[in-house]
Amino acid sequence: MKRYAAMIGLLVSVNLHCPSRAQQAPIKLEALKQQAVAETDKLQTFTQQMVDQVFSFSELGFQEYETSRYLTGILEKSNFKVEKGIAGIPTAWTATYGSGKPVIVFITDIDCIPRASQKPGVAYHDPIVAGAPGHGEGHNSGMAVNITAALVLKKLIDEHHISGTIRILPGVAEELVATKAFYVRAGLFKDVDLVLGSHVGSEFSTSYSTGNGTWSGLVSVQYFFHGKAAHAAVAPWEGRSALDAVELMDTGWDFSREHLRLAQRSHRVIINGGDQPNVVPSEAAVWYYFRELDYSHIKALYEQGNIIAESASKMTGTSVDHKLVGSAWPPFFNKVIAETQQKNIEAVGMPKWSDADQTLARALQKEIGAKSEGLKNKIEPLAGPVKDPTGGASDDVGDISWNAPMVYLMYPANIPNLPGHSWPNAVAMATPIAHKGSTAGAKVQAMSALDFLLRPELVAQAWDYFRNVQTKDVHYESFLAPTDQPAIQLNKEKMEKFAQELKQFHYDPSRFKTYLEQLGIAYPTVRSATSSN
Ligand SMILES: [Zn+2]
């Protein structure tokens, strides 16, 4: 290692004084990447602790107070400049280190899923706290990836006097797709050169353009109907039922589905159905997600929803208003960054899974009736544009991807073939599977940032693709009306209900090496062949 460091020092000094920097750069870059990998390996315990700590906090969107306090604490201690409460969102922040160009942003989500509480390392449903939120997607691992990479980069920036700025941003309330359009509106990407997002997956991959074609954009809208209360038996004719309006809106929407494009996806939950049957409900509310493939089709669904809501209110003699609580453009990723990142994924390769890791994965897959094939061992090829995208999931990083060149690294920290947004997706997320996958992801994040910090021509190429291909004919327009504000009150009650109970399960790394150890879980815990529960 010592010889390596000396070599890097020599190359850097040559670079600083030699006019033919472009010719020297590749050699220096490779040496720096090797150092980044070695430094990331040294931080494995730190990475594991972050994965476990955020897992144990289990905080829902907009309520990520413990999580954000913990993460900004680490970054402040490492001399990052932290700004809190950005874009009018209490749990959002930025952390910046370095100076000058390029400005590279790392972003990843931090929130969890309602009712997904689950003991890690256990291959059947066994909540830590029954009914409580839990990391049933794996967002607890993203910051371990990005912060580990950022600390490695900080060390290299200091040691080798590299010019450039690195900035970390949290994906607050991503499960509600509720913040990134506000980040964009607040101007957080105005000075940004590129964005390296990371997201948990079961595969190691990146993509550009429409990727594998399974992204949709969306608006998330709550409709509030207001009627008139009355005794439901004594004087029902005096009442006007807001719940009737909700039910008629849902019926109206379901009839309109037949005439929508195959690419649309829409779903709802009734968030207020009234109080008790003998009171005509004066207040009721329903919450819709309207998904489509592009801005104009999403907008059209939104307008159709508004028409049906108005019609339902007329039919029932109630009134209605609505609130947009989230929105997302379909993501579109940058070819130049993706191609660069793909090489780093190939260089790092899949983590080495142990027998215990594979046993857990296969047992969980069997438990839920999924294909029982264990963990992936091969990296995915680079995914490019798809001709006929089908749509599917959404992520509000989509808005960012239309405001600066961006990619989304999927790092292998979870088990394949799981349903998503539920307890099975939490099983691996504080185990060696997530720990190793996060370390692998951090290496790629650091290496990819080095590519762009040291090769300004690559930044220029990424912008060329952004300006002349991606946004040549499509121009970003926010779904937000000027009066729309972040829905920071969402999840408050749900989180408060469980906060005290969850607190006793917060991970204490000063006493336990891992969260598995703290919970006393043997790894892996799988059903015995004879067990029948
Ligand atoms: Zn996510």
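Numbering-wise, the working numbering puts -11 at position 9 of the sequence shown, and it's gapless, one number per residue.
From the three backbone atoms N, C-alpha and C, an ideal C-beta is built for every residue, glycine too.
Report task. Compute the Euclidean distance between the alpha carbons of H247 and L198, then round it to the nearest angstrom. Result -> The straight-line gap from Cα to Cα measures roughly 11 Å.
Query - Cα-Cα separation, I137 to L9 - result: A direct Cα-Cα distance of roughly 13 Å separates I137 from L9.
Query raised in the report: Can you tell me whether DSSP reads L149 as helix, strand or coil?
Result: Here L149 sits in strand by DSSP.
Query raised in the report: Does DSSP classify R245 as helix, strand or coil?
Result: The three-state reading of DSSP puts R245 in strand, counting E and B together.
Query raised in the report: If we ignore side chains and look at the alpha-carbon of each, how far apart do W309 and G41 end up?
Result: If I take the Cα positions, the gap works out to 19 Å.
**Report entry** Where G417 falls: helix, strand or coil (DSSP)
**Finding:** Three-state DSSP puts G417 in a helix.
Requested in this report: Assign N357 to buried or exposed, taking buried as 16 or more other Cβ atoms, counted over all protein chains shown, within 10 Å of its Cβ.
Outcome: With fewer than 16 other Cβ atoms inside 10 Å of its own Cβ, N357 counts as exposed.
Query raised in the report: In this structure, does DSSP put D274 in helix, strand or coil?
Result: Residue state, collapsed to three classes: coil.
Query raised in the report: With DSSP run on the structure shown, which of helix, strand or coil describes V17?
Result: The DSSP-derived three-state label of V17 is helix.
Query raised in the report: At a Cβ threshold of 8 Å, is M229 touching chain C?
Result: No chain C appears in the structure shown, which is made up of a single protein chain.
Report task. Compare the Cα-Cα distances from W195 to each of G378, D21 and E155 and report the closest residue. Result -> Ranking G378, D21 and E155 by Cα distance to W195 puts G378 first.
Query raised in the report: Should I395 go down as buried or exposed, given a rule of 16 or more other Cβ atoms within 10 Å for buried?
Result: With 16 or more Cβ atoms within 10 Å of its Cβ, I395 is classed as buried.
Requested in this report: Run the CB neighbour count on E353, radius 10 Å, all protein chains shown included, and call it buried at 16 or more, exposed below.
Outcome: Classification for E353: exposed.
Report task. Name, in chain order, the residues that DSSP records as bridge partners for H206. Result -> Answer is E263 and S299, bridged to H206.
Query raised in the report: Under the criterion of a Cβ to heavy atom distance below 7 Å, does E183 qualify as lining ligand 1?
Result: Result no, Cβ not under 7 Å from ligand 1.
Query raised in the report: Could you give the C-beta distance for S48 and T27, rounded to a whole number, given that I count them as a contact under 8 Å?
Result: Wrong, their Cβ atoms sit about 19 Å apart, outside the cutoff.
Query raised in the report: If you follow the beta strand (DSSP E) that D89 is part of, which residue opens it and which one closes it?
Result: Counting along the chain, D89 sits inside the beta strand (DSSP E) bounded by residues V83 to D89.
Query raised in the report: What residues in its chain sit with their C-beta under 6 Å from that of Q480, if we drop five residues either side in the sequence?
Result: Nothing meets the Cβ criterion.
**Report entry** Candidates M386, I54, F485 and Y503, of which the one nearest P107 by Cα
**Finding:** The residue with the shortest Cα to Cα distance from P107 is F485.
Query raised in the report: Would R237 be called buried (16 or more neighbouring beta carbons within 10 Å of its own) or exposed?
Result: Only exposed fits R237, as fewer than 16 other CB atoms lie within 10 angstroms of its CB.
Query raised in the report: With burial defined as no fewer than 16 other Cβ atoms inside 10 Å of the residue's Cβ, what is the status of N324: buried or exposed?
Result: Under a 10 Å Cβ-count criterion, N324 is classified as buried, with 16 or more other Cβ atoms of the shown protein chains found around its own Cβ.
**Report entry** Straight-line gap, H302 to A215 (C-alpha atoms, nearest Å)
**Finding:** Going by the C-alpha atoms only, they are around 29 Å apart.
Query raised in the report: What do you reckon, is the C-beta of E117 under 7 Å from a heavy atom of ligand 1?
Result: Closer than 7 Å to some heavy atom of ligand 1: that describes the Cβ of E117.
Query raised in the report: What whole-angstrom Cβ distance do F519 and N405 have, given they're in contact under 8 Å?
Result: With the chain covering -19 to 513 only, the question about residue 519 has no answer from this structure.
Query raised in the report: Anyone know if the C-beta pair for P82 and D21 falls short of 8 Å?
Result: No, these two residues do not count as a Cβ contact at 8 Å.
Query raised in the report: For N383, which of helix, strand or coil comes out of DSSP?
Result: In the three-state DSSP reduction, N383 falls in the coil class, being neither helix nor strand.
**Report entry** Endpoints, beta strand (DSSP E) assigned at Y77
**Finding:** Y77: member of the beta strand (DSSP E) spanning W73 to S79, first to last residue.
Query raised in the report: Is it buried or exposed for K483, if we count other Cβ within 10 angstroms and need 16 for buried?
Result: So K483 ends up on the exposed side.
Report task. For the stretch 401 to 419 and the stretch 118 to 129, state whether three or more C-beta atom pairs, one from each stretch, are separated by less than 8 Å. Result -> Touching, yes, given that three or more Cβ pairs across the two stretches are closer than 8 Å.
Query raised in the report: Nearest CA to the CA of T419: which residue from G167, E497 and V180?
Result: Ranking the options by Cα distance to T419, first place goes to V180.
Query raised in the report: What distance in whole Å lies between the Cβ atoms of I69 and I380, which are believed to be in contact at a cut-off of 8 Å?
Result: Actually they are not in contact, since the Cβ atoms of I380 and I69 sit about 15 Å apart, beyond 8 Å.
Query raised in the report: Sorted by chain position, which residues of the same chain lie with C-beta nearer than 7 Å to K64's C-beta, five sequence neighbours on each side aside?
Result: Residues of the same chain with a CB within less than 7 Å of the CB of K64, apart from the 5 flanking positions on each side, are T52 and W73 in chain order.
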